[in-house]
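For the sequence shown, the residue numbers in my numbering are 20 to 90.
Here a beta-carbon is modelled for each residue, glycine too, at the ideal position from N, C-alpha and C.
Here is the structure we will look at.
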Amino acid sequence: MPIITIQMDKGRSVQTKREVAAAVTDAIVNTLGGERKWVTILFEDYERNDWAIGGNLQLDRHGPLKPETYK
20 MPIITIQMDK GRSVQTKREV AAAVTDAIVN TLGGERKWVT ILFEDYERND
70 WAIGGNLQLD RHGPLKPETY K
């Protein structure tokens with residue numbers, strides 16, 4: 020049973036996560052075989068002050084998250 024963890028910037032809507040879960044599940048089943056019910060996806064949302072790239076916090080690179088940033 021595949022377990023997939025998707026780590027991303029906090030702020031995506033529940034609907035967006037539904038769409039990602041469906042698309043990733045389809046890709047796993049189409050590639051590895053098996054059944055959809057065997058695929059587990061975990062979402063880990065990170066605040067911009069808890070995530071750095073190249074030694075710089077995402078908060079400093081992109082500013083605070085604005086509600087309209089993600090659908």
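Judged by DSSP secondary structure, Leu-78 falls within the alpha helix (DSSP H) whose first and last residues are 77 to 81.
It is roughly 9 Å from the alpha-carbon of Ala-40 to the alpha-carbon of Leu-61. Excluding five sequence positions before and after Ile-23, the CB atoms of its chain that fall closer than 8 Å to its own CB belong to Val-43, Ile-47, Val-58, Thr-59, Ile-60, Leu-61, given in chain order.
Boundaries for Leu-84: no alpha helix (DSSP H) harbours it, and the DSSP string shows neither H nor E there.
DSSP links Glu-63 through a beta bridge to Gln-26. Among the bridge pairs identified by DSSP, Ala-71 is matched with Leu-76.
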